[in-house]
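Colleague: With mature numbering (1 follows the signal peptide of the UniProt record, and there is no 0) applied, the sequence shown corresponds to residues -16 to -1, 1 to 272, in that order. From the three backbone atoms N, C-alpha and C, an ideal C-beta is built for every residue, glycine too.
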Amino acid sequence: MLFTAVTLALLAQALAGPVDLEERQSSCPNIHVFGARETTAPAGYGSSLTVVNLILNAYPGSTSEAINYPACGGQSSCGGVSYGNSVVAGINAVASAVNSFNQRCPSTQLVLVGYSQGGQIMDNALCGGGDPNQGYSNTAVPLASSAVNMIKAAIFMGDPRYIAGLPYNVGTCRAGGFDPRPAGFSCPSASKIQSYCDAADPYCCNGNDANTHQGYGTEYGQAALTFVKSKLSSSGSGGGSGGSGGSGGSGGTVAHYGQCGGQGWTGATSCQSPYTCKVVSQWYSQCL
């Protein structure tokens, strides 16, 4: 059912015609979004499409690109590639796509959006640390430092590498996924990340409701967009309107779901009535 909906969404996206990278060879966009799909989803964006499209709609003229990797866990529908081999191929695909784009367009701001296995490969690529359970032993960040500098925000949804206690976690999970980061792990790009996982999820947490795993775009899509907006606006992009729900300047108030605090935050810290600023993590407080 999920994949049928995703397929229809992908078809709708193709008909709508978001600007393809090839059509923008002569000029680089202000913002470029990379999306990585979940296991067994058809080639394309999979369930990352919800957030990818929210960003594209918020910033007209932005472009996007789906990570080309197996997204498999041994199923015949995706060629029988093992989960570990798929993850390794995915990490390499993220590094190749992001580094290549950054070389062509060094001033373009980049956003990563990964869902489930797609979140795992982006997590591994951005944060390093290796993934020994999947046969990936390289602990270095495979992205060029120039590319990491231009990655302004990263959204992981249902990431199996989720573990409780990281500063960028969002959601109700207080445990870990089936391939969690080790205790004490620290990501060098922590301030750029939001990782969404709820307790009932059996893949990023220890729950038993697969439907929870499929619902992050609906549940947290707007919150993810607000976070991305806060990171893009703080870096001085002129890439489009911030839209409703964003934050005002340091002298204003923040709308519902907008960022209102966190380490390094320089924007407004007062919320529009009747909302109050709630601490989500060390790095992020939100008007709720």
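If you scan the region 13 to 97 from start to end, which runs of the alpha helix (DSSP H) of 4 or more residues do you find wholly inside it?
Modeller: Those alpha helix (DSSP H) runs which fall completely within the region 13 to 97 and span 4+ residues are 33 to 42 and 67 to 88.
Colleague: In angstroms with no decimal places, state the Cα-to-Cα distance between residue 67 and residue 215.
Modeller: Each residue's Cα considered, the two are about 32 Å apart.
Colleague: Measuring CA to CA, which of 59, 11, 114 and 142 is closest to residue 101?
Modeller: For residue 101, the nearest C-alpha among the options comes from 142.
Colleague: Could you name the residues that DSSP lists as bridge partners for residue 180?
Modeller: Paired residue(s): 141 and 154.
Colleague: Leaving out the 5 sequence neighbours to the left and right, which residues in its chain are closer than 6 Å to residue 211 when beta-carbon positions are compared?
Modeller: Cβ neighbours of residue 211 beyond the five flanking positions: 178.
Colleague: Give the straight-line distance between the Cα atoms of residue 194 and residue 11, rounded to the nearest whole angstrom.
Modeller: In a straight line, the C-alpha of residue 194 is about 42 Å away from that of residue 11.
Colleague: How long is the line joining the alpha carbons of residue 257 and residue 36, rounded to whole angstroms?
Modeller: So the alpha carbons of these two residues sit roughly 30 Å apart.
Colleague: Within the continuous alpha helix (DSSP H) that includes residue 195, where are the two ends?
Modeller: Residue 195 -> alpha helix (DSSP H) spans 194 to 198.
Colleague: Comparing alpha-carbon positions, which option in 47, 52, 13 and 16 lies nearest residue 24?
Modeller: Residue 24 has its Cα closest to that of 52, out of 47, 52, 13 and 16.
Colleague: What is the DSSP secondary structure of residue 188, counted as helix, strand or coil?
Modeller: In the structure shown, residue 188 sits in coil (DSSP, three-state: anything other than H, G, I, E or B).
Colleague: Please state if the CB of residue 174 and the CB of residue 150 are separated by a distance shorter than 9 Å.
Modeller: A contact, by the Cβ cut-off of 9 Å.
Colleague: Check the C-beta distance from residue 120 over to residue 72 and give it rounded, since I have them as a contact under 8 Å.
Modeller: At roughly 5 Å, the Cβ-Cβ gap stays under 8 Å, so residue 120 and residue 72 are in contact.
Colleague: Could you tell me which of 166, 134 and 200 sits nearest to residue 116, measuring between CA atoms?
Modeller: Ranking 166, 134 and 200 by Cα distance to residue 116 puts 166 first.
Colleague: Would you give the residue range spanned by the alpha helix (DSSP H) that residue 130 belongs to?
Modeller: From DSSP, the alpha helix (DSSP H) with residue 130 extends over 129 to 134.
Colleague: Quick check on DSSP: helix, strand or coil for residue 107?
Modeller: Helix, per DSSP.
Colleague: Rounded to a whole number of angstroms, what is the C-alpha to C-alpha distance between residue 88 and residue 126?
Modeller: Taking the straight line from one Cα to the other gives about 18 Å.
Colleague: Are residue 162 and residue 94 touching if we call contact CB-CB under 9 Å?
Modeller: Contact flag unset, no.
Colleague: With a threshold of 16 other CB atoms inside 10 Å of the CB of residue 140, please say whether the residue is buried or exposed.
Modeller: Buried.
Colleague: Could you tell me the distance, in whole angstroms, from the CA atom of residue 9 to the CA atom of residue 153?
Modeller: Per-residue confidence for residue 9 stands at a pLDDT of 44, beneath the threshold of 50, marking its modelled position as unreliable; the derived number appears in the next sentence. Each residue's alpha carbon lies about 36 Å from the other.
Colleague: Might you give, ordered along the chain, the residues of its own chain that have their beta carbon closer than 6 Å to the beta carbon of residue 50, omitting 5 neighbours on each side?
Modeller: Only 19, 28 and 29 meet the Cβ criterion.
Colleague: Under 8 Å by Cβ, that's how I've got residue 171 and residue 261 pegged, so tell me the actual separation to the nearest angstrom.
Modeller: Not quite, the Cβ-Cβ distance comes to about 25 Å (not below 8 Å), so this is no contact.
Colleague: Just to confirm before moving on: does the CB-CB distance between residue 200 and residue 180 stay below 9 Å?
Modeller: Contact: yes.
Colleague: Can you give the beta carbon distance from residue 123 to residue 13, rounded, assuming they're within the 8 Å contact cut?
Modeller: About 32 Å separates the two Cβ atoms, so there is no contact after all.
Colleague: Considering only the alpha carbon of each residue, which of 107, 155 and 118 lies closest to residue 132?
Modeller: Minimum Cα distance to residue 132 is reached at 107.
Colleague: Can you give the beta carbon distance from residue 32 to residue 98, rounded, assuming they're within the 8 Å contact cut?
Modeller: Correct: roughly 6 Å between the Cβ atoms.
Colleague: Provide the residue(s) that pair with residue 163 in DSSP beta bridges, ordered along the chain.
Modeller: Bridge partners of residue 163: none, in fact.
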